[in-house]
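Novice: In UniProt numbering, the protein residues as written are 4 to 280.
Cβ atoms here follow ideal geometry from the backbone N, Cα and C, with glycine treated the same way.
One structure, as structure tokens, below. Some questions next.
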Amino acid sequence: NRRHTTRTLRAMKQKAEKIAMVTAYDANQARLAEEAEMDIILVGDSVGMVMLGYDTTIPVTLDEMIHHAKAVRRGAQNTMMLVDLPFATYHGDPQVSLKNAMRVMQEAHADGLKLEGGREILPHVEVLINAGIPVCAHLGLTPQAVLKLGGYRVQGRDKETAQRLLEDARALEAAGAFLLVLECVPNDVGALVTEQLAIPTIGIGAGAACSGQVLVYHDVLGMHGQDTAKFVKSYASLHEVTRSALLAYRNDVKQSSFPTAEYTYEIHVDELDQLYG
Ligand code: KIV
Ligand code: NA
């Protein structure tokens with residue numbers, strides 16, 4: 004087992020070794036992420052948007068997260084796997100939050116859980132950490148709050164919201180969070196928070212000073228063929244590759260040019276006689 008732990012990640016920040024993280028949602032994606040030597044695989048609730056066809060992450064259920072996380076775990080036994088707790092599964096009674104968190108830990112064998120939000124979720128973060136669950140925090144643009152925020156927009160642009168974000172980050176670290184995702188905040192805010200905290204930060208649209216970076220699997224591979232956020236860098240265009248492969252197959256079928264002899268099975272002549280009686 005070569006999985007990272009909360010301690011090895013902390014050591015990476017101290018040695019200024021960058022942490023590479025990517026999302027994955029099924030066993031095949033997880034296996035490829037592990038073969039690419041990712042430090043962390045995140046089973047993000049972005050599964051709702053990139054895999055399940057929802058408009059936001061809000062409809063994603065705990066059962067859906069567990070279903071995908073189990074597949075990822077089967078595909079990547081040797082990589083740290085973090086799982087998002089989905090919308091409204093950690094906002095009421097903290098004991099219910101713990102019960103939800105325990106299901107993901109025990110059914111999917113997660114190495115830790117990610118929760119969006121600042122000081123308002125501290126009671127939930129504390130109850131999880133007290134139970135021994137590594138917690139990754141997530142500040143800045145928190146997509147589960149997209150309706151409240153009024154859209155997907157850069158956060159922490161003015162002094163007051165940047166200050167609030169830093170205070171939230173400090174409080175989450177003090178509560179025992181081992182990792183902090185910063186999404187869609189100005190470069191300087193990413194740098195400031197990274198400098199002020201002892202725990203590593205993982206940026207997504209938060210600049211190069213963060214301790215590591217995370218991107219969505221489908222974004223890295225250019226699987227959508229849609230407009231993506233400014234912070235997305237695509238390293239391939241699988242959308243085009245996939246569509247043209249499917250079209251070529253379809254055309255082969257229509258023109259009877261697939262399957263050729265190369266793709267078909269032979270039978271012995273005496274067996275053929277038996278077959279037809
Ligand atoms: O759900 C997700 O993919 C995420 C990352 C973008 C951080 O939360
Ligand atoms: Na998420």
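Which value, in whole angstroms, describes the spacing of the CA atoms of T8 and G206?
Specialist: As a first step, residue 8 must be located in the sequence shown, where it is residue number 5. As a first step, residue 206 must be located in the sequence shown, where it is residue number 203. Cα to Cα, the separation comes out at about 19 Å.
Novice: V157 to T245, Cα distance in whole Å?
Specialist: Position 154 of the sequence shown, counting from 1, holds the residue named residue 157. Position 242 of the sequence shown, counting from 1, holds the residue named residue 245. Between V157 and T245, the C-alpha separation is close to 32 Å.
Novice: Would V107 and V128 be called neighbours here (beta carbons separated by less than 9 Å)?
Specialist: As a first step, residue 107 must be located in the sequence shown, where it is residue number 104. As a first step, residue 128 must be located in the sequence shown, where it is residue number 125. No, the pair does not count as a contact, with Cβ atoms beyond the cut-off.
Novice: Checking the sheet assignment: what are the DSSP bridge partners for I207?
Specialist: Here residue 207 refers to the residue found at position 204 of the sequence shown. Beta-bridge pairing links I207 to E186.
Novice: Under the DSSP definition of a beta bridge, which residues are partnered with Q216?
Specialist: As a first step, residue 216 must be located in the sequence shown, where it is residue number 213. For Q216, which the question treats as bridged, DSSP gives the partners A23, G206.
Novice: Is K117 helix, strand or coil when you go by DSSP?
Specialist: In the sequence shown, counting from the first residue as 1, residue 117 sits at position 114. Three-state DSSP puts K117 in a strand.
Novice: What separation, rounded to the nearest whole angstrom, lies between the Cα atoms of D191 and A104?
Specialist: For the purposes of this step, residue 191 is taken as residue 188 along the sequence shown, with counting starting at 1. For the purposes of this step, residue 104 is taken as residue 101 along the sequence shown, with counting starting at 1. Taking the straight line from one Cα to the other gives about 33 Å.
Novice: Going by CA-CA distance only, name the one from L250, P262, I270, L182 that's closest to G115.
Specialist: Locating residue 115 in the sequence shown gives position 112, counting from the first residue. It is L182 whose Cα lies nearest to the Cα of G115.
Novice: With V138 and G179 assumed to form a contact (beta carbons below 8 Å), what rounded beta-carbon distance in angstroms separates them?
Specialist: The residue you call residue 138 lines up with position 135 of the sequence shown. The residue you call residue 179 lines up with position 176 of the sequence shown. Indeed they touch by this definition, with Cβ atoms about 7 Å apart.
Novice: I need the DSSP call for V46, collapsed to helix, strand or coil.
Specialist: The residue labelled residue 46 in the question sits at position 43 within the sequence shown. Here V46 sits in strand by DSSP.
Novice: Mind reading off the beta-carbon distance from V196 to A232? Whole number of angstroms is fine, and I expect it under 8 Å.
Specialist: Taking the sequence shown and counting its residues from 1, the one referred to as residue 196 is at position 193. Taking the sequence shown and counting its residues from 1, the one referred to as residue 232 is at position 229. Between A232 and V196 the Cβ distance is about 20 Å, and since that is not below 8 Å, they are no contact.
Novice: Using a Cβ cut-off of 9 Å (strictly closer), state whether M83 contacts chain D.
Specialist: This model lacks chain D altogether; it includes just one protein chain.
Novice: Using C-beta distances below 8 Å, list every residue in its chain close to C187, excluding the 5 sequence neighbours before and after it, in chain order.
Specialist: Against the sequence shown, residue 187 aligns to sequence position 184. So the list reads G143, L144, Y155, R156, V157, Q158, I207, G208, A209, A232, F234, once near-sequence residues are dropped.
Novice: Short of 8 Å in beta carbon distance, which residues of its chain neighbour residue 342, apart from the five on each side in sequence? Order them along the chain.
Specialist: The shown model of the chain, from 4 to 280, leaves out residue 342, and the question about it has no answer.
Novice: Can you tell me whether Y220 is buried or exposed? The criterion is at least 16 other CB atoms within 10 Å of its CB, across all chains shown.
Specialist: On the sequence shown, residue 220 is found 217 positions in, with the first residue counted as 1. So Y220 counts as buried.
Novice: Tell me, to the nearest whole angstrom, how far the beta carbon of H71 is from that of V50; I am working on the premise that it is less than 8 Å.
Specialist: In the sequence shown, the residue the question calls residue 71 occupies position 68. In the sequence shown, the residue the question calls residue 50 occupies position 47. At roughly 5 Å, the Cβ-Cβ gap stays under 8 Å, so H71 and V50 are in contact.
Novice: How long is the line joining the alpha carbons of R253 and T267, rounded to whole angstroms?
Specialist: Residue 253 sits at position 250 when you count from the first residue of the sequence shown. Residue 267 sits at position 264 when you count from the first residue of the sequence shown. Between R253 and T267, the C-alpha separation is close to 18 Å.
Novice: Below 8 Å, is the gap between the Cβ of P146 and the nearest heavy atom of ligand 2?
Specialist: For the purposes of this step, residue 146 is taken as residue 143 along the sequence shown, with counting starting at 1. Checking the Cβ of P146 against ligand 2 gives yes.
Novice: Would a C-beta distance cut-off of 9 Å place V46 and A111 closer than the cut-off?
Specialist: On the sequence shown, position 43 is the one that residue 46 refers to. On the sequence shown, position 108 is the one that residue 111 refers to. Cβ atoms of V46 and A111: closer than 9 Å.
Novice: Please list, following the chain, all residues that have a C-beta closer than 5 Å to any non-hydrogen atom of ligand 2.
Specialist: This selection yields G47, D48, D87.
Novice: Between which two residues does the alpha helix (DSSP H) carrying G143 extend?
Specialist: Taking the first residue of the sequence shown as 1, we reach residue 143 at position 140. From DSSP, G143 is part of no alpha helix (DSSP H) but of the beta strand (DSSP E) over 138-143.
Novice: Taking the runs of the alpha helix (DSSP H) that are 4 residues or longer, which of them lie wholly in the region 57-86?
Specialist: Fully enclosed alpha helix (DSSP H) runs of 4 or longer: 65-78.
Novice: Can you give me the C-alpha to C-alpha distance between S240 and G225, rounded to a whole angstrom?
Specialist: In the sequence shown, counting from the first residue as 1, residue 240 sits at position 237. In the sequence shown, counting from the first residue as 1, residue 225 sits at position 222. The straight-line gap from Cα to Cα measures roughly 4 Å.
Novice: So the candidates are Y93, H227, R5, V130; which of them puts its Cα closest to the Cα of L118?
Specialist: Along the sequence shown, one-based indexing puts residue 118 at 115. For L118, the nearest C-alpha among the options comes from Y93.
Novice: Going by beta carbon distance, what residues of the same chain come within less than 8 Å of F261, once the five residues before and after it are set aside?
Specialist: In the sequence shown, residue 261 corresponds to position 258, counting from 1. Cβ neighbours of F261 beyond the five flanking positions: Y252, D255.
Novice: Cutting at 6 Å between CB atoms, please list the residues of its own chain near Q147, excluding the five before and the five after it.
Specialist: To locate residue 147, count along the sequence shown from 1; it is residue 144. So the qualifying residues of the chain are T60, F90, E119.
Novice: Within this structure, are the beta carbons of S214 and I22 separated by less than 9 Å?
Specialist: Taking the first residue of the sequence shown as position 1, residue 214 is located at position 211. Taking the first residue of the sequence shown as position 1, residue 22 is located at position 19. Yes; because the gap between Cβ atoms is below 9 Å, this pair is in contact.
Novice: Let's test the definition: count the other Cβ atoms within 10 Å of the Cβ of I270 and tell me whether it reaches 16, buried, or not, exposed.
Specialist: Translated into positions along the sequence shown, residue 270 becomes position 267. Exposed is the call here.
Novice: Under a three-way DSSP split, which group does L200 fall into?
Specialist: Within the sequence shown, numbered from 1, the residue matching residue 200 stands at position 197. If DSSP states are grouped into helix, strand and coil, L200 belongs with coil.
Novice: Decide if Q100 is buried, meaning its Cβ has at least 16 other Cβ atoms within 10 Å, or exposed.
Specialist: Against the sequence shown, residue 100 aligns to sequence position 97. Checking the displayed sequence, the identity of residue 100 turns out to be Ser instead of Gln. Classification for S100: buried.
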